[in-house]
Amino acid sequence: AKAARAAAKAAPAAAPTPAPAAPAKRRASFAEKKEFEQLEKDIAALEKEKEQLVANLATGQGSRQELIDWPARLQAVDKDLDAKGERWLELSEWI
Numbered sequence: 621a622k623a624a625r626a627a628a629k630a631a632p633a634a635a636p637t638p639a640p641a642a643p644a645k646r647r648a649s650f651a652e653k654k655e656f657e658q659l660e661k662d663i664a665a666l667e668k669e670k671e672q673l674v675a676n677l678a679t680g681q682g683s684r685q686e687l688i689d690w691p692a693r694l695q696a697v698d699k700d701l702d703a704k705g706e707r708w709l710e711l712s713e714w715i
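Quick note: the sequence shown uses this note's numbering, first residue 621, plus one each step.
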């Protein structure tokens, strides 16, 4: 009888606690919405520039200096695209 009472008292304490509610979805501020719109424009411009650089490098037509500068610029454009793309993804979750 004592064992049954002890088990009955332990059972409610062992009941699983409900999981905490997920945090409320954060809303984007006005500045973040503007930044999001600007990022879309910047990304489109960088993608266009990247296409042009790749086409220029593929043809090999250009001055010696251009052929030296284009790969470095392409690398910089790729880096910018990655950074802006990551920020765009962050903002897109809130907008």
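All C-beta atoms in this analysis are idealised placements derived from N, C-alpha and C, irrespective of residue type, glycine included. Computed from a prediction, not measured in an experiment: that's the story for all the values here.
- Residue D700 holds the alpha-carbon nearest to the alpha-carbon of K670 among L709, D700, G680.
- Per DSSP, E713 lies in no alpha helix (DSSP H) and is assigned neither H nor E.
- Take N676, set aside five residues on each side of it, and the residues of its chain with a beta-carbon closer than 8 Å to its own are G682, E686, W690, in chain order.
- Its chain contains no residue whose beta carbon lies nearer than 7 Å to that of A703 once the 5 sequence neighbours on both sides are disregarded.
- Rounded to whole angstroms, the gap between the alpha carbons of R647 and K654 is 13 Å.
- Annotation for L673: W690, R693, L694, V697 place their beta carbon closer than 7 Å to its own, counting only its chain and skipping 5 residues before and after.
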